[in-house]
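Counting with the working numbering, you get residues 1 to 334 for the letters of the sequence shown. Built from N, CA and C at the ideal position, the CB exists for glycine as well. These numbers come from a predicted model, not from an experiment. A short worksheet on the structure shown next.
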Amino acid sequence: MRVLLTGGSGFIGSHVAVALAAAGHEPLIVDDLSNSRGGVVERIRELARMPIPALVADVRDEASVSEFLAAHGRVDAVVHLAGLKAVGESVADPVRYYDVNLSSTLAVLRLMSAHGIDAMVFSSSATVYGSAGTMPLAEDGAVGAGIANPYGRTKYMIEEILRDVCAAEPSFRCTALRYFNPVGAHPSGLLGEDPLGVPNNLMPVVAKVAGGILDSVSIFGTDYPTRDGTGERDYVHVQDLARGHVRALEELAPGFDAVNLGTGEPASVLDVIRAYGDASGREIPYRLNARRPGDLAVAFADVEKAARELGWTAELTLADACRDDWRWRQATAD
Ligand code: NAD
Ligand code: UDP
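Written out as C-alpha cells, the structure reads:
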C-alpha cells in the first residue's frame, strides 16, 4: 500500500512511517515542520531503508500537496496525523486550534477526493470520551460531552466530519484511532518525542527532570480516588501505536469506525516517576501540587475491540517505554 502521512515527521508519524516500511508498505510524508525537525525524515529513511518522498508544506496549501501527490503516482490511503496538540495552548488560543485542526482535515479530504483516495486512518484521542465515560472507556460509549479543552473538541468534531463523509460516500473507509497516552521512542534511539516548545505531558517532563534540565516534577493532584492518590492513565508505547496504524490500514472497511489504542492497564503519576527513575538510574525529585483543572482522576482503554477487529494488543510495557525514551534522550544529548 502507498500511504500518505500528514504530520509524518512528528513523534507518532515518524514511528508509523518506519512501521509501514517494515510491513512492506510505501510511506510518503507531508509535514510543515511546525512541531518537528527537518532531520527526522533522513532518520526515517535510514531506519526504513527506502527513499521516502517528503514534502515540507502545510497540508492546507492544497496546490503544493496536490502537485506532490500527482508527481508520485497512485496513493492508496492517508494517515492524517497533522495538527496542533498542546492542550494548554488550545485553551489560550482556541481560534488557532479550531482553524488549523479543522481546516487541515477539510483540506486533506478535498485532496483525497481530487486524487481518488478513499481510505483514511485518523489520529484521534481518548479525550473525545470527555468526562462522562465509565472505565474502561469503550468505543460504543458516549463521546463529546464534558471534553475539557478546545484541542479535545477538535478531535471530536473531526470524528463527526469523518462520519458525515462516510455517510455521503459509501465507498469511503475511515478508522479513527483513539490514542490513549503515547510514550516511549524507537529502540534505535533515532526517533522520539522532540516537541519544539515547553513540554506539558507527564513523560517529557519526567524525562527532563531525570536529565537535570528541570528541577522537579510537579504532581498535579494527590487526592484522587486512585491507588496512590495521583492521576492514572493508560500509557501506550509509540512502537505499539505504530503497529496499530499498520493493522488499521490493512483492515479498513467501508464506513466510519473508531478503535482505542491503549494497554488497558492504568498507571499512576508515581508509577511513571518510579519507572523512569529505574530506567534512567537517576533520582527524580517531585513536588506535590494541586489538581490541574480539567484533569480526570483515571482514564484507561477497553482494548477488546482493537484485539477483535485489528488483531492488535499492546506488547510493550511502561518500563520499555521509559527505557526507550531515556535511550533516545541520551542519544540526542550527545
Ligand atoms: P507532533 O506534533 O509530534 O506531530 C504532528 C506533526 O504534524 C508535526 O510534525 C507538525 O510539524 C505537523 N503539522 C502540524 N500542523 C500541520 C499542518 N497544517 N500541515 C502539515 N504538517 C503539520 O504530534 P504527535 O504526538 O506525533 O501527534 C500526531 C497526531 O496524534 C496529532 O494529530 C495529535 O493530536 C494526535 N494525538 C497525539 C497524542 C499524544 O499525546 N502525542 C494523543 C492523542 C492524539
Ligand atoms: N501530570 C502531572 N504533572 C505534569 C504533567 C502531568 O502530575 O507535569 C499528570 C496529569 O495530571 C495526569 C497525568 O500526569 O494525571 C498524565 O498527564 P498528561 O498531560 O501527560 O496526559 P493527559 O492528562 O492528557 O492524559
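- Item | Pair within 8 Å by beta-carbon distance, Asp234 and Pro285 | Going by C-beta atoms, Asp234 is not nearer than 8 Å to Pro285.
- Message: Under 8 Å: do the stretch 39 to 47 and the stretch 63 to 81 share three or more Cβ pairs, one atom per stretch?
- Response: no
- Whole runs of the alpha helix (DSSP H) within the stretch 51 to 117, excluding any shorter than 4 residues: 62 to 71, 87 to 92 and 94 to 114
- Using the beta-carbon count (16 or more within 10 Å), is Met50 buried or exposed? exposed
- With respect to 7 Å, is the separation between the Cβ of Phe11 and the closest non-hydrogen atom of ligand 1 below this value? The answer is yes for Phe11.
- From Gly7, Ser188, Ala168 and Asn201, residue whose alpha carbon lies closest to that of Phe180: Asn201
- Query: Starting from Val143 and walking both ways along the alpha helix (DSSP H), at which residues does that stretch end?
  - Reply: It is not in any alpha helix (DSSP H) - Val143 carries neither H nor E in the DSSP assignment.
- Message: Between which residues of its own chain and Ala420 is the CB-CB distance below 7 Å, once the five residues before and five after are set aside?
- Response: Nothing about residue 420 can be read from this structure; the chain reaches only from 1 to 334.
- Gly231 Cβ short of 7 Å to ligand 2 heavy atom set: yes
- For Val237, does the three-state DSSP call read helix, strand or coil? Val is not the amino acid found at residue 237; the sequence shown has His there. If DSSP states are grouped into helix, strand and coil, His237 belongs with the strands.
- Item | Three-pair Cβ contact test at 8 Å for the stretch 238 to 245 versus the stretch 306 to 324 | yes
- Looking at the structure shown, is Pro266 part of a helix, part of a strand, or coil, going by DSSP? coil
- Message: Comparing C-alpha positions only, which one of His15, Asp31, Gly24 and Val18 sits nearest to Thr6?
- Response: Asp31
- Task: Could you tell me which of Lys85, Val143 and Tyr97 sits nearest to Gly197, measuring between CA atoms?
- Result: Lys85
- Simplified DSSP assignment, three categories, for Ile219: strand
- Beta carbon of Gly192, beta carbon of Asp325: below 8 Å? yes
- Message: Mapping the DSSP letters down to three states, classify Thr332 as helix, strand or coil.
- Response: helix
- Query: Closest to Ala145 by CA distance: which of Ala314, Ile213, Gly133 and Ser171 is it?
  - Reply: Gly133
- Query: Does DSSP put Val30 in a helix, in a strand, or in coil?
  - Reply: strand
- Apply the 10 Å Cβ neighbour rule to Ile213 and answer buried if 16 or more other Cβ atoms are within range, or exposed otherwise. exposed
- Start and end of the beta strand (DSSP E) containing Asp164? Membership of Asp164 in any beta strand (DSSP E) is not indicated; the residue belongs instead to the alpha helix (DSSP H) covering Pro150 to Ala168.
- Query: Between His72 and the rest of its own chain, which residues show a CB-CB distance below 7 Å, the 5 nearest in sequence each way excluded?
  - Reply: Leu28 and Pro53
- Message: If you measure between the beta carbons of Ala301 and Gly262, is that distance less than 8 Å?
- Response: yes
- Message: Just to confirm before moving on: does the CB-CB distance between Ser268 and Arg227 stay below 8 Å?
- Response: yes
- CB of Gly130 within 8 Å of CB of Asp320, strictly: For the pair Gly130 and Asp320, the CB atoms are not nearer than the 8 Å cut-off.
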